[in-house]
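Worksheet: the structure to be examined is printed underneath.
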Amino acid sequence: KDFLTRAQYLDIAENTKQIYSEANAFPHISFDHIFPIELVHQASLEYPQHHLNEHLADGWGAWKSTSKQQNLKYFLRDEEKMGPAVQKLVTHLRSGIFVSFLEKLTGIPYLVTDPAMHGGGLHQIATGGHLSVHADFNRRETDGLFRRVNVFIFLNENWLESYGGQLELWDTNITKCEEKISPLLGRLAMFSSSRLSYHGHPNPLNTPIDIYRKSIAMYYYTVAPGPNDKADDAYVTTDFRDRPDGLDDFK
12 KDFLTRAQYL DIAENTKQIY SEANAFPHIS FDHIFPIELV HQASLEYPQH HLNEHLADGW
72 GAWKSTSKQQ NLKYFLRDEE KMGPAVQKLV THLRSGIFVS FLEKLTGIPY LVTDPAMHGG
132 GLHQIATGGH LSVHADFNRR ETDGLFRRVN VFIFLNENWL ESYGGQLELW DTNITKCEEK
192 ISPLLGRLAM FSSSRLSYHG HPNPLNTPID IYRKSIAMYY YTVAPGPNDK ADDAYVTTDF
252 RDRPDGLDDF K
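In this text, residue positions in the sequence shown follow our numbering: the first is 12, and each later residue adds one.
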């Protein structure tokens, strides 16, 4: 089975753009069965299968954080180290067809991809790992482009709700989680990125030691500032926040 055609993508965007724009927390949406199931299954198998805490697989790196805001989180951005199925998905996410889909769905024109995948690429979280609630950096440091859309493909077969790892979308004041998206195999999730789009998977993963939370992350930019930005805004790094009621006291 092949990827969807441009016409099929644009039809989906036309039918779901209002759902996206009116979503809780901030504009977002998720889809299942967008990509060929055989391809996402193969991509899932191309991630390291052994315990990354003991040995980093070839090309993989680990985020370090003294405050443990990103714990047991590993990444790969070198495309030459990626398997063929993953490479095919990454190439598709950068394609004109997919970018046109994003532009129509989000209402954000002139989106630009990020060949270097700064902060993105392949992500893999080990048991006990988490990513605290945060809003992402606002501009690309290399050229000042504004970060506008985050896209994720989840690659987790037979994922149980008890494992946790749901992508949580929080309100602007970090008072409540407005939405949870389970990281199921082949699920495509996306949202409009701004300094107010607080998200994460903040609870430690409760997976067996040999099961990881796997995803591909791709970020999209524009030359023009977004609605919460100004053209002369300085670069602002990732803004981590603690949840209320001591939910992050485990860190």
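Positions of the beta carbon are idealized from the N, C-alpha and C atoms, including for glycine. As the structure is a computational prediction, the values presented were derived from the model and not from experiment.
By a beta-carbon distance limit of 8 Å, Leu195 does not contact Gly139. Their separation comes to about 21 Å.
Under the DSSP assignment, Thr248 falls outside any alpha helix (DSSP H); it carries neither an H nor an E label. When secondary structure is reduced to three states using DSSP, Asn161 falls in the strand class.
Between Asn82 and the set Glu90, Gly132 and Gly176, the nearest pair of CA atoms involves Gly176. The Cβ atoms of Thr233 and Val123 sit closer than 8 Å to each other.
Arg224 carries a strand assignment under DSSP once its states are collapsed to helix, strand and coil. Considering only Gly257, Leu113, Arg158 and Leu133, the residue with the shortest C-alpha distance to Ala68 is Leu133. Look at Asn184 here: in three-state DSSP terms it is coil, with no helix or strand label. DSSP lists Asn82 as the beta-bridge partner residues of His141.
In the same chain as Glu189, and ignoring 5 residues on each side of it, the C-beta atoms closer than 7 Å to its own belong to Asn35, Ala36, Leu180, Trp181 and Asp182, in chain order.
In this model, His141 and Lys84 are separated by some 7 Å (Cα to Cα).
Looking at Ile222, Thr27 and Ile45, the one whose alpha-carbon comes closest to that of His39 is Thr27.
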